Amino acid sequence: MEGRLVSVIIPTHDRKRQVLACLESLMDADYPSFEVIVVDNASGDGTAEAIETSFPSVKVVRLGRNTGAVTGRNEGIRHAKGGYLCFVDSDNLLHRNFLRELVTAAERDPRIGFVGPKMYFRSDPRRIWYAGVEIDHRTSRTSYRGLNEIDTGKYDREEEVHHIPNVWLVKREVIDAIGGMDPEYVMTYGEAEWAARARLAGFKVLFCPSAVVYHDIPLPGEKKGLRARIGFDSPYRVYYAARNRALYMRRFAKRGDYLAFLLLYNNLFLIWYCGLLAASGRLDLLKAYIKGYVSGISRGSALRKTSA
Numbered sequence: 001m002e003g004r005l006v007s008v009i010i011p012t013h014d015r016k017r018q019v020l021a022c023l024e025s026l027m028d029a030d031y032p033s034f035e036v037i038v039v040d041n042a043s044g045d046g047t048a049e050a051i052e053t054s055f056p057s058v059k060v061v062r063l064g065r066n067t068g069a070v071t072g073r074n075e076g077i078r079h080a081k082g083g084y085l086c087f088v089d090s091d092n093l094l095h096r097n098f099l100r101e102l103v104t105a106a107e108r109d110p111r112i113g114f115v116g117p118k119m120y121f122r123s124d125p126r127r128i129w130y131a132g133v134e135i136d137h138r139t140s141r142t143s144y145r146g147l148n149e150i151d152t153g154k155y156d157r158e159e160e161v162h163h164i165p166n167v168w169l170v171k172r173e174v175i176d177a178i179g180g181m182d183p184e185y186v187m188t189y190g191e192a193e194w195a196a197r198a199r200l201a202g203f204k205v206l207f208c209p210s211a212v213v214y215h216d217i218p219l220p221g222e223k224k225g226l227r228a229r230i231g232f233d234s235p236y237r238v239y240y241a242a243r244n245r246a247l248y249m250r251r252f253a254k255r256g257d258y259l260a261f262l263l264l265y266n267n268l269f270l271i272w273y274c275g276l277l278a279a280s281g282r283l284d285l286l287k288a289y290i291k292g293y294v295s296g297i298s299r300g301s302a303l304r305k306t307s308a
């Protein structure tokens with residue numbers, strides 16, 4: 001099939017082995033027209049040099065410091081020439097059909113702005129990691145449909161979803177209309193915030209199960225300790241998870257839902273979460289969480305007043 005140029009943008013930091021495997025799978029894609037841009041966030045493991053040696057057709061953009069995935073993606077946008085932009089985290093293997101299927105789905109409806117694939121665990125290719133993400137704008141709960149389920153065909157229908165993490169296609173028209181990713185979301189909720197803005201602007205966010213990706217992360221049962229319970233084990237990540245969750249809810253939940261979140265659901269979550277951190281003896285994580293939460297609530301309130 002002939003089609004618009006797709007700019008594949010891959011931010012990475014110190015993942016030489018994984019990004020080389022990702023690029024090798026990408027080069028087998030059966031879509032005829034794509035360019036590849038790797039944004040290297042100041043890796044110290046020789047990532048940029050290895051890519052330039054093994055994949056000379058790939059454009060490597062070197063950043064002087066690790067600015068995070070969101071800023072890396074925005075830097076990739078500045079170098080991209082395509083009518084479509086496909087963002088790929090570097091810890092993925094890509095089925096050869098994934099670009100073709102994403103583009104085919106995107107072209108069915110001019111209102112479709114984002115399209116994402118069905119994602120499996122690399123270590124268990126029948127086990128689903130993602131089949132659509134929904135965010136409850138009252139409780140803030142994020143649900144990955146199909147997570148850890150063996151694929152039985154339950155999620156084989158295209159559907160609109162709230163957002164797409166990890167790997168997704170965006171039409172250039174979306175970026176022209178709403179801009180790139182918000183650099184304030186250094187990590188976590190960056191994809192959700194961008195998709196929420198797109199939906200508010202009238203674009204659809206579509207899950208496309210015929211496009212396939214394999215995510216190179218541990219299975220849920222393989223994670224240990226606090227990382228298994230809360231997903232993070234560093235103060236830096238805990239701070240931004242708390243901050244960006246509160247910021248996202250303040251910006252995008254309806255007023256009544258936000259009040260329910262703030263006065264009820266969030267307080268219940270705070271009691272559980274802070275109790276878990278205190279019981280673990282990780283007072284550094286507890287301090288980071290509270291600091292991040294307060295920052296998100298106060299920052300989100302200021303932004304809402306500004307935009308009101």
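Position 163, counted from 1, in the sequence shown is what the numbering used here calls 163; the numbers after and before it change by one each time, with no gaps.
For glycine and all other residues, C-beta sits at the position ideal for the given N, C-alpha and C.
If you're wondering where the values come from, they're calculated on a predicted model, not measured in any experiment.
- Around the CB of K171, 16 or more other CB atoms lie within 10 Å, so the residue is classed as buried.
- Judged by DSSP secondary structure, E35 falls within the beta strand (DSSP E) whose first and last residues are 34 to 41.
- With 16 or more other Cβ atoms from the protein chains shown falling within 10 Å of its own Cβ, A29 counts as buried.
- Here Y130 has M119, Y144 as same chain residues with Cβ atoms under 6 Å from its own Cβ, once five neighbours each way along the sequence are excluded.
- When beta bridges are read from the DSSP output, V115 appears opposite L169, L206.
- Less than 8 Å separates the beta-carbon of V212 from that of P117.
- Per DSSP, P56 has no beta bridge partner at all.
- Between the segment 100 to 116 and the segment 195 to 204 there are three or more inter-stretch CB-CB distances shorter than 8 Å, so the stretches are counted as touching.
- Taking the C-beta atoms as reference points, H162 is found no nearer than 8 Å to A198.
- Inside the segment 65 to 116, DSSP marks whole alpha helix (DSSP H) runs of 4 or more residues at positions 69 to 79, 98 to 106, from first to last along the chain.
- Taken through DSSP and simplified to helix, strand or coil, V238 comes out as helix.
- Cβ-Cβ separation between V36 and V8: approximately 5 Å, consistent with a contact (criterion under 8 Å).
- Residue state for I9 is assigned as strand, using DSSP reduced to three classes.
- DSSP places R127 within a strand segment (E or B) once states are collapsed to three.
- The Cβ atoms of C22 and L94 sit closer than 8 Å to each other.
- Contact check for W168 and V115: beta-carbon distance about 7 Å, within the 8 Å limit, so the pair qualifies.
- Nearest to L247 by C-alpha distance, out of E75, R122, G256, G296, is G296.
- Residue burial annotation: T12 is buried, with at least 16 other C-beta atoms found within 10 angstroms of its C-beta.
- Per the coordinates, the alpha-carbon of F121 lies some 12 Å from the alpha-carbon of N166.
- Per DSSP, reduced to three states, the secondary structure at A211 is strand.
- Restricting attention to S234, A42, P32, S25, the CA atom closest to the CA of R15 is found in A42.
- For Y144, the enclosing beta strand (DSSP E) covers residues 142 to 144.
- Burial is judged here by how many other beta carbons sit within 10 angstroms of a residue's own beta carbon; T53 has fewer than 16 and is exposed.
- Per DSSP, reduced to three states, the secondary structure at L63 is strand.
- Remark: C-beta atoms of E149 and I164 do not approach each other more closely than 8 Å.
- In terms of Cα proximity to V174, the closest of H137, N66, A106, R282 is A106.
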